[in-house]
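Chemist: Just remember that my numbering sits 1417 ahead of the position in the sequence shown, which is counted from 1. Idealized CB from N, CA, C, for every residue including glycine.
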Amino acid sequence: MKITKIEAFQVTMGNGDGWMPKSAFVRIETEDGAFGMGEASPMLGGYASLVVVARDLAPALIGKDVLDHAILVDRLFHKCVKLGPEGVATAALAAVDIALWDLKGKLFGQPVYKLLGGAWTTSLPCYSSVGGNAARSVDEVVREVEARVAKERPAAVKIRWDGDRTRQDVDIAGDIAKAKAVRKLLGDGFPIGFDANNGYSVGGAMRVGRALEDLGYDWFEEPVQHYNVRAMGEVAQRLDITVSAGEQTYTLQAVRDLIEAGVRMVQPDIVKMGGITGMMRCAALAHAAGVELVPHQTQPVVGHLANLHVLSTLMHLSKPVELADMWERGSPVFVNPAEPKDGRFHLPSAPGLGVEIHQEEFDRRAVLVAQ
1418 MKITKIEAFQ VTMGNGDGWM PKSAFVRIET EDGAFGMGEA SPMLGGYASL
1468 VVVARDLAPA LIGKDVLDHA ILVDRLFHKC VKLGPEGVAT AALAAVDIAL
1518 WDLKGKLFGQ PVYKLLGGAW TTSLPCYSSV GGNAARSVDE VVREVEARVA
1568 KERPAAVKIR WDGDRTRQDV DIAGDIAKAK AVRKLLGDGF PIGFDANNGY
1618 SVGGAMRVGR ALEDLGYDWF EEPVQHYNVR AMGEVAQRLD ITVSAGEQTY
1668 TLQAVRDLIE AGVRMVQPDI VKMGGITGMM RCAALAHAAG VELVPHQTQP
1718 VVGHLANLHV LSTLMHLSKP VELADMWERG SPVFVNPAEP KDGRFHLPSA
1768 PGLGVEIHQE EFDRRAVLVA Q
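1) On a CA-only basis, which of L1740, V1727, E1677 and N1753 is nearest I1576? Give me that one, please.
2) I want to know whether the region 1516 to 1524 touches the region 1440 to 1459 - three or more CB-CB distances under 8 Å.
3) Just grab the DSSP bridge partners of I1423 for me.
4) Could you have a look at I1774 and say whether DSSP puts it in helix, strand or coil?
5) C1543 lies in the alpha helix (DSSP H); which residues open and close that run?
6) Where does D1491 fall in DSSP's three states?
7) Pull up the distance between the alpha-carbon of A1596 and that of A1700, whole angstroms please.
8) Drop a sphere of 10 angstroms on the beta-carbon of N1724, count the other beta-carbons inside from all chains shown, and report buried for 16 or more, exposed for fewer.
9) Measure the CB-CB distance between V1555 and A1590 and report whether it falls below 8 Å.
10) Alpha carbons only, please: which of N1550, I1488, L1474 and V1558 is nearest the one belonging to V1513?
11) By a C-beta neighbour count over all protein chains shown, 10 Å radius and 16 as the cutoff for buried, is L1764 buried or exposed?
12) In terms of residues, what are the limits of the beta strand (DSSP E) holding G1453?
13) Could you name the residues of the same chain whose beta carbon sits closer than 6 Å to that of M1696, not counting the 5 residues immediately before and after it, in chain order?
14) Does DSSP put E1739 in a helix, a strand or coil?
15) Under the rule that 16 or more other beta-carbon atoms within 10 Å means buried, what is E1664, buried or exposed?
16) Using CA coordinates, which residue listed in G1692, W1744, V1786 and A1628 is at the minimum distance from W1436?
17) Name the DSSP beta bridge partners of H1713, please?
18) Look up W1436 in the DSSP assignment and say whether it is helix, strand or coil.
19) Let's test the definition: count the other Cβ atoms within 10 Å of the Cβ of S1440 and tell me whether it reaches 16, buried, or not, exposed.
20) Can you tell me whether F1611 is helix, strand or coil according to DSSP?
As structure tokens, this is what we get:
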């Protein structure tokens, strides 16, 4: 089956405001009209990755056989390797890869998880990922977490800081006070993660990490700058709490570097590094190294469903699936946004990813990136 058209769209989501107002989608179509949908990282609207898709990847895909998927992906990676490979190019490739998997599932009449080898479960618990806490008071953090737990009924909670990355160790005492208040709210034994969003020096991370250990937190995410792999590894090796990293890691080799540095929970994102193919390779790497794979995932539909298909195939799934802020923004454009039911995500059984589109609304909100 030959590829005849590739389109790249930037789409306004929700009300077009907030921390992530636009998303980046790719549509790959074959000669008989079948199509697959993919998603790229939405950082800065995802526009740069969409340009790479439209200008560099799409021409190389026209006329190619969909079932030559692995060859196509590797050729495209090396075609654009001098653009990174970390960042824009691999996010573009992730969108293409996800679209190809969606398309193959439709062509074979099977959900993607079947093509990946089958699902251990099609019902996965979620964790509420609560952002923006650097700017909140202790009481405001507690109210926000309390509201999300009541609405989403998660199996765990992660509190995120989302602070100014040009400043370190801004309010360590205040951060610890917020962590204590959330523990008091949720009670002993409730699983909680703490995402520093790269906010500390090594010394600051050690101080906060020790406090989190005393409070019984389950993981400490990206305590130092993500690009300082040595520092991340030092913190991971010196603390007892699980230190996680990898949401800003774009290649399998970079994930390996984190593991070799001492990180024991890796969190690559399916719309940033290699799509479904890349995430399955990460799963094999994590399994071989004996570390946890807990992907970062903030997108409300296409990336979310792709992530669920991969996670359903993992034998030792150690943590719930991330449910970030503003997941409701997918509902005007898609029939099935990332809405949990009784604290769980339920994987579609339809062919491909199971994405359902409100086509008129999609067309109204979409801007086509020209080749």
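Modeler: Inspection of the coordinates gives the following:
1) As a position in the sequence shown, residue 1576 is number 159, starting the count at 1. Here the closest residue by C-alpha is L1740.
2) yes
3) Start at 1 with the first residue of the sequence shown, and residue 1423 comes out as number 6. Answer is I1445, bridged to I1423.
4) To locate residue 1774, count along the sequence shown from 1; it is residue 357. Strand, per DSSP.
5) Residue 1543 sits at position 126 when you count from the first residue of the sequence shown. Looking at the DSSP string, C1543 is not in any alpha helix (DSSP H); the run it does join, the beta strand (DSSP E), is S1540 to V1547.
6) Mapped onto the sequence shown, residue 1491 falls at position 74. Of the three classes helix, strand and coil, the one that applies to D1491 here is helix, per DSSP.
7) Position 179 of the sequence shown holds residue 1596. Position 283 of the sequence shown holds residue 1700. So the two alpha carbons sit approximately 30 Å from each other.
8) Stepping through the sequence shown from its first residue, residue 1724 is reached at position 307. Buried, since its Cβ has 16 or more Cβ neighbours within 10 Å.
9) Numbered from 1 along the sequence shown, position 138 holds the residue referred to as residue 1555. Numbered from 1 along the sequence shown, position 173 holds the residue referred to as residue 1590. Not in contact: V1555 and A1590 (Cβ atoms no closer than 8 Å).
10) The residue labelled residue 1513 in the question sits at position 96 within the sequence shown. Closest option to V1513, Cα to Cα, is L1474.
11) In the sequence shown, residue 1764 corresponds to position 347, counting from 1. Buried, because 16 or more other Cβ atoms sit within 10 Å of the Cβ of L1764.
12) Position 36 of the sequence shown holds residue 1453. Run containing G1453: F1452 to A1457, per the beta strand (DSSP E) assignment.
13) Start at 1 with the first residue of the sequence shown, and residue 1696 comes out as number 279. So the qualifying residues of the chain are I1687 and V1727.
14) Counting from 1 along the sequence shown, the entry for residue 1739 is found at position 322. In this structure, E1739 counts as strand in the three-state DSSP scheme.
15) For this step, residue 1664 is matched to residue 247 along the sequence shown. With 16 or more other Cβ atoms within 10 Å, it is buried.
16) The residue labelled residue 1436 in the question sits at position 19 within the sequence shown. Measuring from the Cα of W1436, the nearest candidate turns out to be W1744.
17) Numbered from its first residue, the sequence shown carries residue 1713 at position 296. For H1713, which the question treats as bridged, DSSP gives the partners D1686.
18) Taking the first residue of the sequence shown as 1, we reach residue 1436 at position 19. W1436 falls in the coil class under three-state DSSP.
19) As a first step, residue 1440 is located in the sequence shown; it is residue number 23 there, counting from the start. Its Cβ being crowded by 16 or more others within 10 Å, S1440 is buried.
20) The residue you call residue 1611 lines up with position 194 of the sequence shown. Reduced to three states, the DSSP call for F1611 is strand.
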